[in-house]
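Below: one structure, written as structure tokens.
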């Protein structure tokens, strides 16, 4: 597994060079995740994605490259300020203003001038001040709902790519998915993953039970795939 980790990082760097020097692929992901994912999903011409914690329509986006290829889907983010940008830059996608969690409730959302640092985790938000000198600009109450509920409301019947990046609440989001909906590839961030002991990781164990294999890593993002024979 350790070798897989470093191979994935090396592959990401190689792809990034291709993007810059040859224009072969376009990558917008924070750690080149979307470049790796484009290889994993190269056989899908116009697929469907669900992006949880989508943030900006282009910056650090793991789904924008797919949007450019003709894919469409729903993007979910608790920051309502992003809606006009999605309307302008990705008008064919559906922007859902919501946060995803196990319980239907409202939680405080800590917001910064740089929205990439926004978080529902108060401890994490406070740490940005100590480590980066960032001040919380605003705190808003945002409604949570399970991912399964959102997918039902939006009529999603199958998913080619599920992306989850919600700053520490990723596993909680994953557990609210409707597993009756066929889902081919999942990208999910996990800062605690140890490639030498994958089976001790909660996300790895959970998805392994669902029939997924760990197909690659890109920085802190785990890339899971469900083999065609078990889809």
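Residue numbers (our numbering): 63 to 293. Note that beta-carbon positions come from the ideal geometry of N, C-alpha and C, so glycine has one too.
Between the CA atoms of residue j and residue i - distance to the nearest angstrom
{"i": "residue 157", "j": "residue 189", "result": "29 Å"}
{"i": "residue 281", "j": "residue 93", "result": "6 Å"}
{"i": "residue 216", "j": "residue 239", "result": "14 Å"}
{"i": "residue 273", "j": "residue 267", "result": "10 Å"}
{"i": "residue 211", "j": "residue 88", "result": "33 Å"}
{"i": "residue 269", "j": "residue 275", "result": "8 Å"}
{"i": "residue 193", "j": "residue 185", "result": "12 Å"}
{"i": "residue 235", "j": "residue 208", "result": "7 Å"}
{"i": "residue 279", "j": "residue 285", "result": "6 Å"}
{"i": "residue 164", "j": "residue 241", "result": "15 Å"}
{"i": "residue 161", "j": "residue 224", "result": "15 Å"}
{"i": "residue 226", "j": "residue 114", "result": "5 Å"}
{"i": "residue 260", "j": "residue 271", "result": "13 Å"}
{"i": "residue 105", "j": "residue 191", "result": "44 Å"}
{"i": "residue 122", "j": "residue 97", "result": "12 Å"}
{"i": "residue 118", "j": "residue 143", "result": "10 Å"}
{"i": "residue 159", "j": "residue 149", "result": "13 Å"}
{"i": "residue 84", "j": "residue 287", "result": "At residue 84, the pLDDT of 38 sits below 50, so the modelled position is not reliable and the matter cannot be decided from this model."}
{"i": "residue 67", "j": "residue 177", "result": "Reliability of the predicted coordinates at residue 67 is poor, the pLDDT of 37 falling under 50, and the value obtained from them is presented with this limitation in mind. Straight-line Cα distance between these residues: approximately 29 Å."}
{"i": "residue 283", "j": "residue 95", "result": "7 Å"}
{"i": "residue 277", "j": "residue 289", "result": "10 Å"}
{"i": "residue 183", "j": "residue 257", "result": "25 Å"}
{"i": "residue 147", "j": "residue 213", "result": "22 Å"}
{"i": "residue 262", "j": "residue 102", "result": "25 Å"}
{"i": "residue 232", "j": "residue 254", "result": "12 Å"}
{"i": "residue 228", "j": "residue 166", "result": "17 Å"}
{"i": "residue 136", "j": "residue 181", "result": "21 Å"}
Cross-strand partners of residue i (DSSP beta bridge)
{"i": "residue 249", "result": "225, 285"}
{"i": "residue 170", "result": "203"}
{"i": "residue 278", "result": "285"}
{"i": "residue 239", "result": "Per DSSP, none; premise fails for residue 239."}
{"i": "residue 114", "result": "138, 226"}
{"i": "residue 161", "result": "206"}
{"i": "residue 91", "result": "122"}
{"i": "residue 214", "result": "According to DSSP, residue 214 bridges with nothing at all."}
{"i": "residue 156", "result": "136"}
{"i": "residue 181", "result": "172"}
Among the options, nearest to residue i - alpha-carbon criterion
{"i": "residue 100", "options": "159, 226, 222, 276", "result": "222"}
{"i": "residue 91", "options": "289, 148, 116", "result": "116"}
{"i": "residue 140", "options": "241, 168, 164", "result": "168"}
{"i": "residue 152", "options": "164, 128, 162", "result": "128"}
{"i": "residue 187", "options": "230, 119, 122", "result": "230"}
{"i": "residue 126", "options": "104, 155, 144", "result": "155"}
{"i": "residue 145", "options": "164, 163, 120, 162", "result": "120"}
{"i": "residue 195", "options": "204, 179, 205", "result": "179"}
{"i": "residue 124", "options": "288, 251, 277", "result": "251"}
{"i": "residue 237", "options": "106, 183, 265", "result": "265"}
{"i": "residue 138", "options": "283, 205, 290, 262", "result": "205"}
Looking at C-beta atoms only, is the number of pairs between the segment 132-143 and the segment 242-256 that lie closer than 8 Å three or more?
no
If you pair each beta-carbon of the segment 197-204 with each one of the segment 163-174, do three or more pairs fall below 8 Å?
yes
Could you tell me whether the segment 110-126 touches the segment 217-236, using the rule of 3 or more Cβ pairs below 8 Å?
yes
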